[in-house]
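Position 86 of the sequence shown, counting from 1, maps to 751 under my numbering, and the rest follow consecutively. Idealized CB from N, CA, C, for every residue including glycine. Quick caveat: nothing in here was measured; it's all calculated off a predicted structure. The structure appears below as structure tokens.
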Amino acid sequence: MERTILVLGGGGVKGLAHVGAWRALVESGLAVSEVIGTSIGALVGSRIAAGDGWEALAARAGTLEKRDIVMLNRWALLFNGIRQPAIFRGDTFQEYLKLVLPGSWEELDIPLSVNAVDLESGETVWFGAGGRMDVSLVDAVYASCALPVFYPPAAVGDRLLVDGGVADPLPVDRAAERSATLIIAIDVAAGPVKDSRDTVGKGMIAIQHRVFDIMAYARKRAQLSNWSGPRLVYVRPRLDGYSTFDFLRTAYFMEEGYRATREALLSAGLVGPRAIEQAG
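Written out as structure tokens, the structure is:
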């Protein structure tokens, strides 16, 4: 029996490309058995798992504004502010998650897994299907999105957790562990090259983030180049050159996610040209 698992990687607001990817998958007729999400992939994945159609997802994404999830921690600007846990406030993001996420894991129509990383041990912690379900969906998704320096770590019990992409930005191995026979992996993270002068010109936060991107890309490429697991359809929308927090390009991100996923499904023989034409 075919067991298709959708893997949604991290990449900040560029992750709204996942909305377009979901549209392409719905139009293809492929049945998704489980969703695995990291960071923004955990957020979008939770709405997919809750049964949202792509139209509802697109409408929600179209109303997303910077102030919904990005609120400056003013204490970080003061003398000795470098000791603050993050430059953005975590409570603002958490309030947004409470508004848009289902109230519990039990409300999901499709099993969902999201990851975070223990700041003390470096261990990857999984929530949802095959993992911990004693933590609220909101807390689990926030932990998966808690990008170091940008957002404060999530306090879950006696553990402090950060963005799941720190250890596994595109968790295809987890999909294999979850008995996938087909993995559709949507990669919206930064590519291997970015203008270094532009990065330096934006300051130390941009430099730190670029270093994070470099390390994440290296881990991901090593993982994919040595892949020997279930059939994998790798989708990489054209998002290089766009910022992690580019709220002015959400329509493009969704459209590009749609285009790239349709093209990948066609190339993999998972949907015919006629179906693509009819959907278009």
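Helix, strand or coil, according to DSSP, for residue i in the structure here?
i: E720; result: helix
i: D954; result: With the chain covering 666 to 945 only, the question about residue 954 has no answer from this structure.
i: Q943; result: Any reading at Q943 needs caution, since the residue's pLDDT is 48, under 50, leaving its predicted position unreliable; the model's value is listed next. Residue state, collapsed to three classes: helix.
i: T703; result: coil
i: T915; result: helix
i: T649; result: Here the chain comprises residues numbered 666 to 945, so residue 649 is not present and cannot be evaluated.
i: V936; result: coil
i: L931; result: helix
i: A715; result: coil
i: L729; result: coil
Mark residue i as exposed unless 16 or more other C-beta atoms lie within 10 angstroms of its C-beta, in which case mark it buried.
i: K763; result: exposed
i: E942; result: Residue confidence is low: E942 scores 48 on pLDDT, short of 50, so the model does not pin down where it sits. Its coordinate-derived value is still stated next. Burial call: exposed.
i: M869; result: exposed
i: R886; result: exposed
i: S786; result: exposed
i: L802; result: buried
i: P834; result: buried
i: W791; result: buried
My understanding is that residue i touches residue j, with C-beta atoms under 8 Å, so please give their C-beta distance in whole angstroms.
i: G817; j: G755; result: Note that residue 817 corresponds to Pro in the displayed sequence, not to Gly. The pair is a contact, with the Cβ atoms about 4 Å apart (cut-off 8 Å).
i: A819; j: A781; result: 7 Å
i: V672; j: P895; result: Actually they do not touch by this definition, with Cβ atoms about 11 Å apart.
i: D852; j: R903; result: Actually they do not touch by this definition, with Cβ atoms about 11 Å apart.
i: A881; j: A854; result: 6 Å
i: G830; j: G675; result: 4 Å
i: D828; j: A811; result: 5 Å
Between residue i and chain B, is any beta-carbon pair separated by less than 8 Å?
i: G795; result: Protein chain content of the structure displayed is limited to a single chain, and chain B is not contained in it.
Between the region 696-705 and the region 723-731, do three or more beta carbon pairs fall short of 8 Å?
By the Cβ criterion, the region 696-705 is not in contact with the region 723-731, since fewer than three pairs of Cβ atoms, one from each stretch, lie closer than 8 Å.
What are the start and end residues of each continuous alpha helix (DSSP H) run of 4 or more residues lying completely inside the region 736-794, in chain order?
The region 736-794 contains these whole alpha helix (DSSP H) runs: 755-765.
Suppose only complete runs of 4+ residues qualify. What are the alpha helix (DSSP H) ranges in the region 868-906, listed by chain order?
Those alpha helix (DSSP H) runs which fall completely within the region 868-906 and span 4+ residues are 869-890.
Just checking, does the region 786-799 make contact with the region 735-746 on the three C-beta pairs under 8 Å criterion?
Taking 8 Å as the limit for Cβ pairs, the verdict is that the region 735-746 does not touch the region 786-799.
Quick check for students: name the residue ranges of the alpha helix (DSSP H) that lie wholly in the region 789-871, counting only runs of 4 or more.
Taking 4 residues as the minimum length, the alpha helix (DSSP H) runs contained wholly in the region 789-871 are 802-810, 837-842 and 861-866, in order along the chain.
Within the chosen definition, does the region 908-925 reach the region 675-692 through at least 3 CB pairs nearer than 8 Å?
These segments touch.
Runs of beta strand (DSSP E) lying entirely within the region 669-698, each at least 3 residues, in chain order
The qualifying runs are 669-673.
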